[in-house]
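Worksheet: the structure to be examined is printed underneath.
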Amino acid sequence: MDCAARIALLCGGTMAEGWACYATDLMDEIGFLTPLERYAQIHARLRMAARALIDIDLHHGVCSLDDAAAFYERRAGLSAEAARAEAVKNSMFPGTAMMYMVGTNLIHELRRDLSRSPAFDLRGFHDRFLSFGSVPVAWVCAAMREEYADRSGR
Numbered sequence: 041m042d043c044a045a046r047i048a049l050l051c052g053g054t055m056a057e058g059w060a061c062y063a064t065d066l067m068d069e070i071g072f073l074t075p076l077e078r079y080a081q082i083h084a085r086l087r088m089a090a091r092a093l094i095d096i097d098l099h100h101g102v103c104s105l106d107d108a109a110a111f112y113e114r115r116a117g118l119s120a121e122a123a124r125a126e127a128v129k130n131s132m133f134p135g136t137a138m139m140y141m142v143g144t145n146l147i148h149e150l151r152r153d154l155s156r157s158p159a160f161d162l163r164g165f166h167d168r169f170l171s172f173g174s175v176p177v178a179w180v181c182a183a184m185r186e187e188y189a190d191r192s193g194r
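Just so we're aligned: the sequence shown equals residues 41 to 194 in our numbering.
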């Protein structure tokens with residue numbers, strides 16, 4: 041795969057990965073998850089945060105694969121084998137691990153900000169958000185903030 045193809049593939053990564061994690065949060069929000077699934081969701085968020093940190097550290101040369109694997113074992117509760125596999129995967133795809141957390145957090149932040157408006161409608165928010173397709177979440181956030189500002193006359 042050439043560089044341009046990688047860029048094209050990753051452009052919408054915050055949308056695809058962010059929305060997937062956000063949707064799981066929605067399932068929890070409406071009470072769909074069992075206590076065990078809620079625990080697994082919390083653990084998944086911990087792993088997501090750990091992956092984002094390691095993604096940065098690995099690609100800035102702050103830590104080695106061994107350091108990354110040890111961090112995953114110590115902080116994210118992964119087995120030695122899973123920790124090593126995760127570290128290797130992170131080393132091969134710079135920036136990918138961060139997309140989950142960045143995308144999810146941006147979606148939650150946008151929803152929180154826009155929900156302050158009396159005109160906010162959660163279903164309408166989701167419909168409009170997804171109507172943008174697979175583009176970076178930051179672009180969607182900027183566009184939707186502008187739309188809401190125009191509607192409220194700000």
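All C-beta atoms in this analysis are idealised placements derived from N, C-alpha and C, irrespective of residue type, glycine included.
- The beta-carbon separation of L146 and A183, rounded to 13 Å, does not stay under the 8 Å limit for a contact.
- In this model, T136 and L93 are separated by some 12 Å (Cα to Cα).
- In this structure the segment 117 to 136 touches the segment 98 to 106; the number of beta carbon pairs closer than 8 Å is three or more.
- In this structure, the straight-line span from the alpha carbon of A80 to that of L86 is close to 10 Å.
- Counting along the chain, F111 sits inside the alpha helix (DSSP H) bounded by residues L105 to A116.
- In this structure, DSSP gives D97 a helical state, which the three-state scheme calls helix.
- One alpha carbon belongs to L98, the other to P158, and they sit about 44 Å apart.
- Look at S174 here: in three-state DSSP terms it is coil, with no helix or strand label.
- Spanning the alpha carbons of A122 and D95 requires a straight line of approximately 16 Å.
- Per the coordinates, the alpha-carbon of M132 lies some 21 Å from the alpha-carbon of R115.
- Annotation for G135: no alpha helix (DSSP H) segment contains it, and DSSP assigns it neither H nor E.
- A check of alpha carbon separations from G101 across P134, D161, A89 and R152 identifies P134 as the nearest.
- The three-state secondary structure of P158, taken from DSSP, is coil.
- Taking the CA atoms as reference points, E69 sits about 15 Å from L76.
- A straight-line Cα-Cα distance of about 21 Å links E57 and D153.
- Between S174 and L66, the alpha-carbon positions lie close to 20 Å from each other.
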